[in-house]
Amino acid sequence: MTEETPEVDSDRRFRLETLCDVVQAELAAAGLPVVPGGRPTGVAGAVVSVDLPDLRGVLVDWQEHALLLDAGQRLLAS
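In this note's numbering, the protein residues as written are 1416 to 1493.
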């Protein structure tokens, strides 16, 4: 396994963060809600992030609203 230099890692991270911004903008342009950085509670939508620490790509996930999550957990508990 070859180890990349810090400059290569820094350049790759910059390119992935730029791609992350583009993906967020495209999802928002398509009308999908996008969760801002930090994953605030009570917000639903697409979560786009860089695959850290591996820097293999950009990850897209979905964060459900806290009310929906709570309701689902109550249903499972009953």
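Where is the CB? At the ideal position from N, CA and C, for every residue including glycine.
Model, not experiment: these values are computed from the prediction.
Inter-residue Cα distance where the pair is residue i and residue j
i            : j            : result
residue 1447 : residue 1440 : 10 Å
residue 1508 : residue 1484 : An answer regarding residue 1508 cannot be provided, because it is not within the stretch 1416 to 1493 covered by the chain.
residue 1424 : residue 1436 : 18 Å
residue 1472 : residue 1482 : 31 Å
residue 1444 : residue 1438 : 10 Å
residue 1488 : residue 1428 : 37 Å
DSSP bridge partner residues for residue i (one or two, in chain order)
i            : result
residue 1473 : 1465
residue 1460 : 1478
C-beta atoms of residue i and residue j nearer than 7 Å
i            : j            : result
residue 1462 : residue 1450 : yes
residue 1479 : residue 1459 : yes
Three-state secondary structure assigned by DSSP to residue i
i            : result
residue 1449 : strand
Supposed close pair residue i, residue j - CB separation, criterion 8 Å
i            : j            : result
residue 1434 : residue 1470 : Wrong, their Cβ atoms sit about 11 Å apart, outside the cutoff.
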